[in-house]
Amino acid sequence: GAGGSATGRRSGGQAAESESEAEEEEALVVVELPPEARLVAGDELVFHGLGTPHPRLQLPSGAELMGCYEESVGHLLLMQPPVDQHQGAAAGGSSGARVMGKSEMRLRFHRPNARHAAAR
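Shown next, in the form of structure tokens:
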């Protein structure tokens, strides 16, 4: 289990020769953080090396996490709950949510020494 998740956008593509070909393909990436990465709304995260196999993430506390990309089986859906998310559930009725996006890619972060310590 993870302590939290966020979404980020990863740009891919190659440099184009003309302006009409300069658009880059944009993909949603689900970011999974360990429990000790306690974040609050508005915290700034600094990503390094998103185009590499092992990007790094600097937390507001200054701690740095290592990451790796994983392809998911099926789609990871990014949902927006209804405006009054408690009304339908409290009344025993159903409530809807809106699909905001989907991803097949997860970027899972961990402490740099966490995997090595588990292997010992």
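Numbered by our numbering, the letters in the sequence shown go through residues 3 to 122 in order. Ideal placement from N, C-alpha and C gives every residue a C-beta, glycine not left out. Bear in mind that the values here come from a model prediction, so they are computed numbers and not experimental data.
TODO: Locate the beta strand (DSSP E) running through Gly-103, then write down its first and last residues.
DONE: In the sequence shown, counting from the first residue as 1, residue 103 sits at position 101. Residues 100-112.
Open item on the list: Whole angstroms are fine: how far does the CA of Val-101 sit from the CA of Arg-58?
Closed with: Looking up residue 58 in the sequence shown gives position 56. Looking up residue 101 in the sequence shown gives position 99. Those two C-alpha atoms are separated by around 29 Å.
TODO: Determine the burial state of Glu-34: buried for a count of at least 16 other Cβ atoms within 10 Å of its Cβ, exposed for fewer.
DONE: Taking the sequence shown and counting its residues from 1, one reaches residue 34 at position 32. Result: buried.
Task: Length of the line joining the Cα atoms of Leu-30 and Gly-103 - done: For the purposes of this step, residue 30 is taken as the residue at position 28 of the sequence shown. For the purposes of this step, residue 103 is taken as the residue at position 101 of the sequence shown. Going by the C-alpha atoms only, they are around 8 Å apart.
Task: Terminal residues of the beta strand (DSSP E) in which His-56 lies - done: The residue labelled residue 56 in the question sits at position 54 within the sequence shown. That residue, His-56, is in no beta strand (DSSP E); it is neither H nor E in DSSP.
Open item on the list: For Leu-41 and Gly-69, which I take to be in contact (beta-carbon distance under 8 Å), what is that distance rounded to the nearest angstrom?
Closed with: Against the sequence shown, residue 41 aligns to sequence position 39. Against the sequence shown, residue 69 aligns to sequence position 67. That belief does not hold up - the Cβ atoms of Leu-41 and Gly-69 are roughly 15 Å apart, past 8 Å.
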